[in-house]
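There are 2 protein chains.
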Amino acid sequence: MAYSQGRAVVPPVGELLFEDPPADVHIKYGYVRGDGYYVIKVASGFYQNPQLGLPSSNGLMLLFSRHTGVLEAVLLDEGHLTDVRTAAAGAVAARYLAPREPGCIGIIGSGIQAALQLANLARVTSCRKVLVWGRNPDRVAAWREQFANGEFDVAAAADIDTLVDRCRLIVTTTPATAPLLEAVHAGTHITAVGADAPHKQELAPSVLAAADIVAVDSLSQSDSRGEVYRAVDAGELGRGAAVELGRIVSGELPGRTRREQITVADLTGVATQDIEIARAVYEETVHAH
Amino acid sequence: MAYSQGRAVVPPVGELLFEDPPADVHIKYGYVRGDGYYVIKVASGFYQNPQLGLPSSNGLMLLFSRHTGVLEAVLLDEGHLTDVRTAAAGAVAARYLAPREPGCIGIIGSGIQAALQLANLARVTSCRKVLVWGRNPDRVAAWREQFANGEFDVAAAADIDTLVDRCRLIVTTTPATAPLLEAVHAGTHITAVGADAPHKQELAPSVLAAADIVAVDSLSQSDSRGEVYRAVDAGELGRGAAVELGRIVSGELPGRTRREQITVADLTGVATQDIEIARAVYEETVHAH
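First to last, the sequence lines map onto chains A and B. Just so you know, we're using the numbering used here here: the first sequence kicks off at -1 and counts up by one. Just so you know, we're using the numbering used here here: the second sequence kicks off at -1 and counts up by one.
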């Protein structure tokens, strides 16, 4: 809401690129007018780290007083808070766009983000049946293990078509660079969070063309990354057809109004989310004790 | 040298501006190819802080492994390392450009940077006679106190003309927005470090016009801040007349070759200095123990 209402000051993302070993670092920063803090997030991807037994993602958040510039906290989260805020945004999208009774939740991808998305959905839907699909069956089996004794009933889907047939709430969380979903049934909501860089894509333009509502977190960012610009470039989605999720959350625009609508939330992540999760963690934990 | 030889990767500076209270935050970052680290520096100015008993400047440096992205150190220097690296650069400029026997060192300004510049000059000149000038005589008197029992013989200059008459090595360290120096004698070197923002100026264009060598730390930065672009805009200095100090340090271009030359070093500060001082502090102290 703050972002869509222009209350967030979010300068262009800083970027540092490395060769040998290949890596990239992104610096996202800003503040929400009226807040007591400004936040700088550093997020890195060092893609040969797994060969060293280290995760490829890393990072931290710095929280400063907006009144004095004094450093209040270093949140050495190594990327965890980015994962959490991304999953939280998925739940917000589902709250406003997913059908009340999706029958089954479909999770595409079997990584950390797939698990966090599912965990957060527990707060916005009563559905507890889950189908998961991933490229690597062993990884899918391991992924299902973490939900073995929980509230969700998680089964592996033989293929994406089966998942699409049974699920009316689908979350895509993969690093795919070619579409995984070509079509969905009436009444389906899809949240796509995997395509955070220009070369990534999870949804065919036809999926967005069939949607009654296409919501994004940032319209300006959707011009160059995520699913929307692909569909626009393909001539399947009109320029200006997408709306910002923040305007739906604020009530300015409607969310899902009819059971048979197809809705898409294409989330690429904005610094406002980093600002807010850093503030929340600081105020709820560090500052409170 | 690394910067002038294109070995430093230094993206555009990130900037965050605030109103009420007025403040600005700058994020400088980058790495030197072949180094083991990348560095992010946050430097802030919160201009109403003195009313709260806090310094207006603040900041920190983050040092990460360039190989894995792992955070190696948070240097919570609150701006001190920026002060130190700026003063060290002044000494480097004096080493290559100041006359061997300047007779007297002239310091214009009476703040922290003025003191650090003088302290660093002890390493590159044998001159120990100093004249200082500042707008506020009480502040100048207090400033002189810190050198009372040291190796320098520091006297207050009645006016800038007196200082210019007696000193052949002059350092300007003020936040002036109009020229303080209009002319200097043959054989004088001036290092100007105060004008780090576009609206600041310490040297009249005539001073640069009279110089045999005008050196800057960054040619690209000198197009929009510091003294050079003022002199170019005034038609007193040819475009392309300034050279980078790094090319003098590397021996590619000559420094001072004759006693009567007038030389100017106009330093606005580059991220390479932040990278190197963070690395030096980390390797010499944190990492060594």
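Beta carbons are placed, not taken as given, at the ideal position from N, Cα and C, and that holds for glycine.
For A:Trp131, the CB contacts under 6 Å within the same chain, skipping 5 residues up- and downstream, are Ile106, Ala155, Ile158 and Leu161 in chain order. Each of A:Gly267, A:Ser248, A:Ala240 and A:Ala208 was checked against the Cα of A:Gln259, and the nearest Cα belongs to A:Ala208. Using a CB distance below 7 Å, the part of the region 35 to 56 of chain B facing chain A consists of Tyr36, Ile38, Val40, Ser42, Phe44, Asn47, Leu50, Leu52 and Asn56, ordered along the chain. At a cut-off of 7 Å, the C-beta of A:Gly67 has a neighbouring C-beta in chain B.
When Cβ-Cβ separations below 7 Å define contact, B:Gly77 makes no contact with chain A. Check the Cα spacing between B:Thr189 and each of B:Thr172, B:Asp75 and B:Glu143: the tightest is with B:Thr172. Taking B:Leu52 as the centre and dropping the five residues before and after it, the same chain places the C-beta of Phe44 closer than 8 Å to its C-beta, in chain order. When C-beta atoms of the region 109 to 117 of chain B are compared with those of the region 175 to 182 of chain B, fewer than three pairs fall below 8 Å, so the two segments do not count as touching.
If only uninterrupted alpha helix (DSSP H) runs of at least 4 residues are considered, those enclosed by the region 78 to 145 of chain B are 78 to 95, 110 to 119 and 135 to 143.
In the DSSP assignment, the residues bridged to B:Gly57 are B:Ala41. Within chain B, the residues whose beta carbon sits less than 7 Å from that of A:Ala21 are Gly67, listed in sequence order. In this structure B:Leu243 is in contact with B:Ala263, their Cβ atoms being roughly 6 Å apart against a cut-off of 8 Å. According to the DSSP assignment, B:Glu13 belongs to the beta strand (DSSP E) that extends over Gly12 to Phe16. In the DSSP assignment, B:Asp151 forms a beta bridge with B:Lys127. In the same chain as A:Met(-1), and ignoring 5 residues on each side of it, the C-beta atoms closer than 7 Å to its own belong to Gly244, Val247 and Ser248, in chain order.
Per DSSP, the unbroken alpha helix (DSSP H) holding B:Asp231 starts and ends at Val226 to Asp231. A direct Cα-Cα distance of roughly 9 Å separates B:Gly57 from B:Leu79.
Proximity of chain A to B:Val72 at the Cβ level (cut-off 7 Å) is accounted for by Val72, in chain order. For B:Gly244, the secondary structure class from DSSP, reduced to helix, strand or coil, is helix. When DSSP reads this structure, B:Ile211 sits in a beta bridge with B:Thr261. A check of alpha carbon separations from B:Asp272 across B:Val11, B:Phe16, B:Leu201 and B:Tyr27 identifies B:Tyr27 as the nearest. DSSP, reduced to helix, strand and coil, places B:Glu282 within a helical segment of the structure shown. Between the C-alpha atoms of B:Tyr29 and A:Cys102 there is a straight-line separation of about 49 Å. If you draw a straight line from the Cα of A:Val72 to the Cα of A:Arg133, it comes to about 37 Å.
Contact note: B:Ile25 reaches chain A through Gly12, Ile25, Tyr27 and Ile38, using a C-beta cutoff of 8 Å and chain order. Excluding the 5 residues flanking it on each side, B:Ala89 has same chain C-beta neighbours closer than 7 Å at Asn118, Leu119, Arg121 and Val122, in chain order.
Within chain B, the C-beta atoms nearer than 8 Å to that of A:Leu58 come from Leu60 and Leu69, in chain order. Of the candidates B:Pro100, B:Glu99 and B:Phe62, the residue whose Cα lies closest to the Cα of B:Tyr280 is B:Phe62. Going by DSSP, A:Asp22 is part of the beta strand (DSSP E) stretching over Ala21 to Val30.
B:Val284 counts as exposed, since fewer than 16 other beta carbons sit within 10 angstroms of its beta carbon. The CB of B:Val7 comes closer than 9 Å to the CB of Leu14, Leu15 and Phe16 in chain A, given here in chain order. Non-local beta-carbon contacts of A:Arg237 in its own chain, meaning distances under 8 Å to residues more than five positions away in sequence, involve Val230 in chain order. Per DSSP, A:Val182 lies in no beta strand (DSSP E) segment and is marked neither H nor E. No Cβ-Cβ contact shorter than 7 Å links A:Arg223 with A:Ala184.
Following the DSSP letters along the chain, one finds A:Thr172 in no beta strand (DSSP E), marked with neither H nor E.
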